[in-house]
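Per numbering that gives the first Met the number 0, the sequence shown runs over residues 0 to 281.
Ideal Cβ placement from N, Cα and C applies to all residues, glycine included.
Just so it is clear, the structure is predicted and the values come from calculations on it, not from any experiment.
One structure is given below, encoded as structure tokens.
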Amino acid sequence: MSEPGTLYVVATPIGNLGDITLRALETLKQVDAIAAEDTRHSVGLLRHFGISKPLIAVHEHNEQHSAEALLKRLQAGESIALVTDAGTPAVSDPGAVVVHAVLEAGLKVVPIPGASALITALSASGIVQTGFCFEGFLPASGSQRRKRLELIKAYPSTLILYEAPHRIIECVQDLQTVFGGERLLTIARELTKTFETIHISSLTEAVDWLQADSNQQRGEFVLLIHPAPEVKAEGLDDETQRILKRLLKDLPLKQAVALATDITGHKKNELYEAALALKDAV
């Protein structure tokens, strides 16, 4: 049974309805009401599984007001499930404002995990390196988008973005400009749906691939920018390179080189050339 005064954050399928969890179904059946991003969309999901519950609209334009209304209902002892159109609520979708308000009020929030587009895409990308940075949707404006990409391009692990179909080509072109055409990109499109596509190529090839087929410009996109290949300075052992890289993170180039010279015993000129190569690669 659902607990009175509890908000359940319920993940729903991102495409294939068979991906809903048994726990999600039980929760949706037991709660008193369901807060949905688009009630028209959620009706179809609920009807498919034979569930009928009162629906409350909670979307990006009314989330603050809805959070207050939901809070009153929870404080009155109702249990409520929070869902979005697809995937996990509050992750690049409405819901975070509601969850924050409920927690601030000292009430209970229970996550019901399930489908997530970013994790689904990452699992099928073949990227071996662990760790990633999830940026969600970038700014819609081209100049603001490029400015944001400049800020995050030095991140050493995988970068994961969401993008809408009407901006996909412009976004990938900006990625090519900022990250360079040789950087690898995984495009995951329409995950778990009929026309699911997972395409891995360089950024330059990705732009050409998208432009060559208008069908590949449709649907919902997850973009995974692969980590940049590790740059190694020729002639230096791994430990010396590790020390030099670590010093360059916190010190100006000349100071880092001077300190690395004292620590490792390598020639200053050799370390200076290596430091320049490492700096240029960032």
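Where do the ends of the alpha helix (DSSP H) carrying residue i lie?
i	result
ALA116	116-122
ARG166	No alpha helix (DSSP H) contains ARG166, which DSSP labels as neither H nor E.
THR263	252-263
VAL127	That residue, VAL127, is in no alpha helix (DSSP H); it is neither H nor E in DSSP.
GLU181	Premise fails: GLU181 is in no alpha helix (DSSP H) and is neither H nor E.
GLY141	141-151
PHE68	Note that residue 68 is Ala in the sequence shown here, rather than Phe. Counting along the chain, the alpha helix (DSSP H) containing ALA68 begins and ends at 62-74.
ILE242	237-249
GLU25	21-29
GLU103	95-103
Using a threshold of 9 Å, state whether the C-beta atoms of residue i and residue j are closer than that.
i	j	result
ALA75	ILE55	no
VAL221	THR119	yes
LEU223	LEU158	yes
SER156	PHE136	no
LEU70	VAL98	no
ILE79	THR185	no
LEU250	LEU275	no
ALA116	GLY86	yes
PRO88	VAL8	yes
LEU81	ALA104	no
ILE168	GLN210	yes
LEU243	ALA257	no
ALA114	THR191	yes
With distances taken Cα to Cα, identify the nearest neighbour of residue i among the options.
i	options	result
GLU62	ASP92, ALA187 and ALA85	ASP92
PRO112	THR38, GLN29, LEU148 and ALA10	ALA10
ALA163	LEU27, GLU219, GLN254 and ARG46	GLU219
GLU272	LEU235, CYS132 and ARG245	LEU235
HIS165	GLY125, ASP207 and ARG217	ARG217
GLU2	ILE197, HIS47, VAL109 and ILE262	VAL109
ALA123	ASP261, ALA95 and ILE197	ILE197
TYR68	ALA259, ALA32 and ILE262	As written in the sequence, residue 68 is Ala, which differs from the Tyr given in the question. If we check each option's Cα against that of ALA68, ALA32 comes out closest.
LEU277	VAL90, GLU149, ALA255 and GLY14	ALA255
VAL177	GLN29, HIS47, LEU150 and HIS99	LEU150
GLY179	GLN215, GLU195 and PRO226	PRO226
LEU183	ILE19, LYS107, LEU202 and LEU44	LEU202
SER140	THR129, CYS170, SER41 and ALA153	CYS170
ASN214	ALA116, ILE199 and GLU195	GLU195
ARG46	LYS28, GLU59, HIS60 and VAL57	LYS28
LEU174	GLN240, SER51 and VAL206	VAL206
ASP37	GLU59, ILE19, ALA257 and THR20	GLU59
LYS52	LEU24, HIS64 and SER65	LEU24
GLY264	LYS248, LEU247 and GLN240	GLN240
LYS248	ALA153, VAL42, LEU160 and PRO228	ALA153
The beta strand (DSSP E) with residue i in it runs from where to where?
i	result
ILE199	196-201
LYS52	It is not in any beta strand (DSSP E) - LYS52 carries neither H nor E in the DSSP assignment.
ALA35	32-35
For residue i, which beta-bridge partners are listed by DSSP?
i	result
ARG188	THR196 and PHE220
GLU162	PHE220
TYR7	ALA80 and VAL109
GLY135	LEU160
GLY86	THR11
Quick one: is residue i near chain B, going by C-beta distance under 9 Å?
i	result
GLY125	Within the model displayed, chain B is absent; a lone protein chain is all it includes.
Quiz item: With a cut-off of 8 Å, do at least 3 Cβ pairs link the region 14-22 to the region 120-139?
Solution: In this structure the region 14-22 does not touch the region 120-139; the number of beta carbon pairs closer than 8 Å is below three.
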